[in-house]
Amino acid sequence: MKKKVSWLKLISFFVHPKLNDMGIKEKSIDLKKRMRTALKGGGEKAIEKQKAIGKLTARERIIALLDPKSFHEYDLFVEHAAKDFDMNKKYLPGDGVITGTGTISGNPVCIYAQDFTVAGGSLGWMHAKKITKIMDHALKLKVPLIGINDSGGARIQEGVNSLAGYGEIFFRNTLASGVIPQISVILGPCAGGAVYSPALTDFVFTVEKITKMFITGPEVIKTVLGEEISMEALGGAKVHCEDTGNAHFYAESEEECFSQIKQLVSFIPWNNINKAKNFPKKSPKTRRYKIDTVMPSDAKQPYDVRDLIKAIADDSEFFEIQELFAKNITIGFARVNGETVGVVANQPLFLAGVLDVDSSDKAARFVRYCDSFNIPLFTLVDLPGYLPGVDQEHAGVIRHGAKLLYAYSEATVPKITLITRKAYGGGYIAMCSHHLRADFVFAWPTAEIAVMGPEGASNIIFRKEIMTAENPDEMRKEKVAEYKSKFANPYVAAAYGYVDAVIEPNETRKMLIHALDISKDKKVQLPAKKHGVPPF
Ligand code: HXC
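Using this note's numbering, the letters of the sequence shown correspond one by one to residues 153 to 688.
Structure representation (structure tokens):
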């Protein structure tokens, strides 16, 4: 008698003869075995090397960052397809990158972490495909994307395919920009292509002694230029947080870094359609932060604007961004009556809070971030203007300064401005004045709104009177006083309607809450265009 053949059995026999012989139980044991092998990463030796320099493994990092048991891994069995340089004889578990989904404080995220123990986390074609797949997922599902980078850059053995992989990532970073939050964590050496993807994302986190970012490393620099420099001095965490502005957050350990990310995620929405989650309303901790005590009685004395923000914000909580870079401007998130607001504030503690090349860049990018993600802007103004000087002029302060004008003008989220003391010249306009379409501009009675400070202005417009006076110093004092009484106050601007209300300092929070409440349904239509051409 002819034996009946099951087509399914026949096909699976050719696909995997051994598997075919197994029952469900054996297949399940086989799966576990395969998983164990893949989960070993680059093996014990490589993991030990990683641990010896204070680094967690890629999988440990994901587990530490996400909510317990929330991580779901995909593409564990992806393997590289390279053949050259004996690559066909090498097994690279997961092709050196772990991808998946999970939650942070209940918020969904897509995540990838490069595994340095596997070929130095280098990026080959399949490695890149895993990353781009999870990026596509994040964009489709409209959830934040977190990339933990720890990579020697383009996998040299895979040639142009590695470069192609980077190109595909950069393209997606750009598409996702302004649609979903993109967070980069630099937890190892990131060279070449490995640094451009983070540069295209919204927030870059670094860790002391672990982070290294550069386009060309110390070896190349030595060969080409004959200059010697350590990796740390070239592209360590401090360098990128303090000097280059390439990074936004600095931590002393991976643990601290993950706690910063968790805090950030609590302030921002999942995507550009939603608003950030509201928190229970809380009053400021007025015992510690009180406007009356934060503000010095002498208007020439500096103060820490972060204390002023804390005196206004819910629970006196202020989550600062780029704390170590361009300290003359302060940016970050706070909550007011439970709602997230993006705060931009001149910082009188540094350079009297002037605007310059770096502070304009820093604030402009943040304004655009808030505008993309429906976060209202609260701007605190106290500055003598743009920083004068040959260095600044030659560094392009015109172009960089214009970025802030552009960002505020283009922003359509609710924009609320408070002028506390000085608002001079271009600084007055740039710090979200009515002319750039602030919805509300409040000023304290101590505000001084003018083209420039009384001393500078008097030296110019009263020069003849001062020079020809019997006592030039006396005359200067007189003229400064005259100028002050005429212009260095909020009432001239208020008379033209450029200031909506002159308010008592202790009314600030109340006015801000009302302004935010009443702006909830703000909708502004900008002229139709493909996109603008900002002074990048
Ligand atoms: C292939 C790599 C690799 C790479 C590291 N490895 N980088 N394999 N391609 N790019 C491998 C090493 O061969 C080694 O494998 C393992 O990873 C660990 O590396 P080590 O050198 O032992 O580690 P360490 O001493 O910690 O040094 C790390 C490093 C160094 C600083 C990252 O490996 C390095 O300089 N790599 C090259 C960095 C680089 O120049 N990348 C730029 C590529 S060009 P074994 O088998 O021995 O364990 C690029 C252009 C893209 O990215 C441009 C897009 C715009």
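Yeah, the Cβ is synthetic: ideal placement off N, Cα and C, and Gly gets one too.
Please read these numbers as outputs of a predicted model, since none were measured by experiment.
Its chain contains 277, 278 as the residues whose beta carbon lies nearer than 7 angstroms to that of residue 233, once the 5 sequence neighbours on both sides are disregarded; these appear in chain order.
Cβ neighbours of residue 398 within its own chain (closer than 7 angstroms, five residues either side excluded): 351, 356, 365, 392. The alpha-carbon of residue 173 is positioned some 9 angstroms away from that of residue 179.
For residue 224, the beta-bridge partners assigned by DSSP are 253. Taking residue 566 as the centre and dropping the five residues before and after it, the same chain places the C-beta of 528, 591, 671, 674 closer than 6 angstroms to its C-beta, in chain order. Put simply, the backbone Cα of residue 544 is about 38 angstroms away from that of residue 622. Taking one beta carbon from each stretch, the region 648-658 and the region 435-454 have 3 or more pairs nearer than 8 angstroms; the two touch. Straight-line spacing of the CA atoms in residue 546 and residue 294 works out to 42 angstroms. The nearest non-hydrogen atom of the ligand HXC is 7 angstroms or more from the C-beta of residue 435.
With a cutoff of 7 angstroms, residue 499 does not count as near the ligand HXC, since its C-beta is closer than that to no heavy atom of the ligand. C-alpha of residue 637 to C-alpha of residue 654: approximately 16 angstroms in a straight line. In the assembly as shown, residue 191 is an exposed residue. Its beta-carbon has fewer than 16 other beta-carbons within 10 Å. Cβ-Cβ distances below 6 angstroms link residue 687 to 551, 554, 555 in the same chain, with the five nearest sequence neighbours on each side left out; the list follows chain order. Beta bridge pairing from DSSP links residue 474 with no other residue. Secondary-structure assignment with DSSP links residue 335 through a beta bridge to 298, 355.
Annotation for residue 580: the continuous alpha helix (DSSP H) segment containing it runs 577-582. Contact check for residue 530 against residue 481 fails: the beta carbons are separated by 8 angstroms or more. Set against 7 angstroms, the gap from the CB of residue 274 to the closest heavy atom of the ligand HXC is smaller. DSSP places residue 532 in the uninterrupted beta strand (DSSP E) bounded by 529-535. Under the criterion of beta carbons closer than 8 angstroms, residue 228 and residue 246 qualify as touching, at roughly 6 angstroms. Remark: the C-beta of residue 341 is in contact range of the ligand HXC, defined as less than 7 angstroms to any heavy atom. Between the ligand HXC and residue 308, a heavy atom-to-CB distance of less than 7 angstroms is present.
For residue 660, the enclosing alpha helix (DSSP H) starts and ends at 660-670. Residue range 259-266 is occupied by the beta strand (DSSP E) that includes residue 262.
By the neighbour-count criterion, in which a residue is buried when 16 or more other Cβ atoms sit within 10 angstroms of its Cβ, residue 326 is exposed. For residue 284, the enclosing alpha helix (DSSP H) stretches over residues 277-293. Per DSSP, the beta-bridge partners of residue 595 are 571, 654. Nearest to residue 400 by alpha-carbon distance, out of 469, 484, 370, is 484.
A direct Cα-to-Cα measurement between residue 301 and residue 284 gives close to 14 angstroms. About 5 angstroms separates the CB atoms of residue 486 and residue 495; that is less than 8 angstroms, so the two are in contact. When rounded, the separation of the alpha-carbon atoms in residue 610 and residue 540 is 18 angstroms. For residue 194, same chain residues with a beta-carbon under 6 angstroms away, outside a window of 5 residues either side, are 269, 270 in chain order. With contacts defined as CB atoms closer than 8 angstroms, residue 526 and residue 417 fail to qualify as a contacting pair. Cα atoms of residue 290 and residue 273: separation of roughly 22 angstroms, rounded to the nearest angstrom. Taking C-alpha positions only, residue 549 is separated from residue 538 by approximately 8 angstroms.
The closest heavy atom of the ligand HXC lies less than 7 angstroms from the beta carbon of residue 271.
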